[in-house]
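**Q**
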Amino acid sequence: MKLIKSIVRPNKVDDVKEALGRLNIAGMTVTEVRGHGKQKGHTAIYRGQEYNVSLLPKIEIEVVVADSMVNEAIKAIIEAARTGEIGDGRVFVMPVGESYKIRTGEKEPV
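Following the numbering used here, the numbering of the sequence shown begins with 95 at its first residue and continues without gaps.
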């Protein structure tokens, strides 16, 4: 199994969720995060004062999928989240060594 972490624009979360849903990937964790990549933020004006916004709001989506579904899930995330502009986000893939159900304590097959 693999853990797929994606950092996407906030307005693309529903699109990514729908794309993963079409692959029958239902379980996910969604977290509001802040950060920047190549875009390094932007300049904004508030009450006539100019200031730099260096950490931009993003959303992190985490899903655990079977090894056989990894490529399909990555493709679905990228297609759903892409705008073609700087700041579209990133996808990270990590191996999952073990998984346990908290309620029962039983180990899930990985």
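The beta-carbon is built from N, C-alpha and C at its ideal position, and this holds for glycine as well.
Quick one: give me the first and last residue of the beta strand (DSSP E) that Glu179 is part of.
**A** Where Glu179 is concerned, there is no enclosing beta strand (DSSP E), given that its DSSP letter is neither H nor E.
**Q** In the DSSP assignment, what residue or residues form a beta bridge with Pro151?
**A** Arg128
**Q** Count the other CB atoms, across all protein chains shown, that sit within 10 Å of the CB of Met163; report buried if there are 16 or more and exposed otherwise.
**A** buried
**Q** Pair every Cβ in the segment 186-194 with every Cβ in the segment 114-122, then say whether three or more of these pairs are closer than 8 Å.
**A** no
**Q** Does the Cβ of Val204 have 16 or more other Cβ atoms within 10 Å, making it buried, or fewer, making it exposed?
**A** exposed
**Q** Going by beta-carbon coordinates alone, are Ala170 and Lys106 separated by less than 8 Å?
**A** Not closer than 8 Å, so no.
**Q** Cα separation between Glu126 and Val158?
**A** Roughly 18 Å between the two C-alpha positions.
**Q** Which stretch, first to last residue, makes up the beta strand (DSSP E) that contains Lys99?
**A** Under the DSSP assignment, Lys99 falls in the beta strand (DSSP E) whose first and last residues are Lys96 to Val102.
**Q** Could you tell me if Ala167 is buried or exposed, where buried requires 16 or more neighbouring beta carbons within 10 angstroms of its beta carbon?
**A** buried
**Q** In the DSSP assignment, find the unbroken alpha helix (DSSP H) run with Asp108 in it and report its ends.
**A** Val107 to Arg116
**Q** Any beta carbon from chain B within less than 8 Å of Ile153's own beta carbon?
**A** Among the chains of the structure shown, chain B does not appear; only one protein chain is present.
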